[in-house]
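Visitor:
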Amino acid sequence: MCRQIVAALGYRMQIRGFRGEHKSTIAVSTREAQTMLPPEWDDDRKCKFLAWLTGATGILLDHADNTVTFTHLSFQEFLAAWHLYATIRDPRQIADRFIELMHDSRWSETLLLWSALVSGQDRDTFATVMQHLLGQPNGISLTGMMLVDGIGTNEVNDAWAARFATSLADGWPSNTEDISQGWKNSNEVHFRSRVLDSLSDTAERCGW
Numbered sequence: 150m151c152r153q154i155v156a157a158l159g160y161r162m163q164i165r166g167f168r169g170e171h172k173s174t175i176a177v178s179t180r181e182a183q184t185m186l187p188p189e190w191d192d193d194r195k196c197k198f199l200a201w202l203t204g205a206t207g208i209l210l211d212h213a214d215n216t217v218t219f220t221h222l223s224f225q226e227f228l229a230a231w232h233l234y235a236t237i238r239d240p241r242q243i244a245d246r247f248i249e250l251m252h253d254s255r256w257s258e259t260l261l262l263w264s265a266l267v268s269g270q271d272r273d274t275f276a277t278v279m280q281h282l283l284g285q286p287n288g289i290s291l292t293g294m295m296l297v298d299g300i301g302t303n304e305v306n307d308a309w310a311a312r313f314a315t316s317l318a319d320g321w322p323s324n325t326e327d328i329s330q331g332w333k334n335s336n337e338v339h340f341r342s343r344v345l346d347s348l349s350d351t352a353e354r355c356g357w
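This note's numbering runs 149 ahead of the 1-based position in the sequence shown.
Written as structure tokens, this is what we have:
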């Protein structure tokens, strides 16, 4: 129960904090953090829980301006991903939430962590989600980074490689350098070889 509450707090702080232009550690007032805890709790219980998080556990940092932050943004991103994993199980709803959040690049790490959790539980079901993502404007970039991490199936990998190769032929899509660097460093040799085959076929057709 405690993990669910802390994960929900991380997610709600992230929703609240990713409103500015840049990605950075998210600070909220102590009072606002209390509103992100279970509504059935009274104020005293909420104060004691936050004091426990900033004290004994060291999960949160308590600042002099009466704000709190998670010790590391990466830790908060994992908690946000776990909250999404624990609360959304229907594949269609998972795809819808991915599509809603993927257009903000600051959510990329959280979405990659969430994809690993879902795929680890049911690889084939998440492959269906990935196919939906491929049809979105930013889908090539995010799906490509999932495949770099070994998330997905041969069918998704082949579909992505074909889309990516076509996008290269039409222009130079955003994040191409990041995707290329990701594949260069990836340990997914089987996926990578299939991507290279698809790119080679496209190069021949386009006369590159």
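No residue lacks a Cβ here, since even glycine has one placed at the ideal position from N, Cα and C.
With respect to the beta strand (DSSP E) encompassing residue 210, which residues constitute its N-terminal and C-terminal limits?
Guide: That run of the beta strand (DSSP E) goes 209 to 211.
Visitor: Quick one: residues in its chain with C-beta nearer than 7 Å to the C-beta of residue 172, no 5 flanking neighbours on either side, listed in chain order?
Guide: Excluding residues within five positions, the ones whose Cβ falls inside 7 Å are 255.
Visitor: Consult DSSP for residue 167 and reduce its assignment to one of helix, strand or coil.
Guide: Three-state DSSP puts residue 167 in coil, outside helix and strand.
Visitor: In angstroms with no decimal places, state the Cα-to-Cα distance between residue 320 and residue 197.
Guide: Between residue 320 and residue 197, the C-alpha separation is close to 56 Å.
Visitor: How far does the alpha helix (DSSP H) with residue 179 in it reach, from first residue to last?
Guide: Segment 179 to 184, the alpha helix (DSSP H) holding residue 179.
Visitor: Quick one: measure Cβ to Cβ for residue 337 and residue 293, integer angstroms, because I've assumed they're closer than 8 Å.
Guide: At roughly 11 Å, the Cβ-Cβ gap does not stay under 8 Å, so residue 337 and residue 293 are not in contact.
Visitor: For the beta strand (DSSP E) containing residue 216, name the first residue and the last one.
Guide: First-last of the beta strand (DSSP E) with residue 216: 216 to 219.
Visitor: State whether the segment 214 to 222 contacts the segment 177 to 188, with contact taken as three or more CB pairs (one from each stretch) at a distance under 8 Å.
Guide: Cβ pair count under 8 Å is three or more, so yes.
Visitor: If you check the beta carbons only, do residue 310 and residue 267 fall under 7 Å apart?
Guide: No; because the gap between Cβ atoms is not below 7 Å, this pair is not in contact.
Visitor: Out of 269, 295 and 194, which has the shortest C-alpha to C-alpha gap to residue 279?
Guide: Closest option to residue 279, Cα to Cα, is 295.
Visitor: Would you tell me roughly how many angstroms separate the C-alpha atoms of residue 340 and residue 158, rounded to the nearest one?
Guide: Cα-Cα distance, rounded: 36 Å.
Visitor: Between the Cα of residue 342 and those of 303, 312 and 188, spot the shortest distance and give me the residue it belongs to.
Guide: Comparing Cα-Cα distances from residue 342 to each of 303, 312 and 188, the minimum goes to 303.
Visitor: Can you tell me which of the three DSSP states residue 309 falls into?
Guide: In the structure shown, residue 309 sits in a helix (DSSP, three-state: H, G or I).
Visitor: Can you say whether residue 288 is buried or exposed, counting buried as having 16 or more other CB atoms within 10 angstroms of its CB?
Guide: That one is buried.
Visitor: Between the alpha carbons of residue 204 and residue 189, how many angstroms are there, rounded?
Guide: C-alpha separation (whole angstroms): 23 Å.
Visitor: List the endpoints of the continuous alpha helix (DSSP H) containing residue 272.
Guide: It spans 272 to 283 - the alpha helix (DSSP H) in which residue 272 sits, taken as one unbroken run.
Visitor: Quick check on residue 333: buried or exposed, where buried means 16 or more other Cβ atoms within 10 Å of its Cβ?
Guide: Exposed: under 16 other Cβ atoms inside 10 Å.
Visitor: Would the beta-carbon of residue 247 fall within 7 Å of that of residue 210?
Guide: Not in contact: residue 247 and residue 210 (Cβ atoms no closer than 7 Å).
Visitor: Could you please give the first and the last residue of the uninterrupted alpha helix (DSSP H) stretch that includes residue 206?
Guide: Residue 206 -> no alpha helix (DSSP H), and no H or E assigned at all.
Visitor: The alpha helix (DSSP H) spanning residue 255 covers which residue range?
Guide: Premise fails: residue 255 is in no alpha helix (DSSP H) and is neither H nor E.
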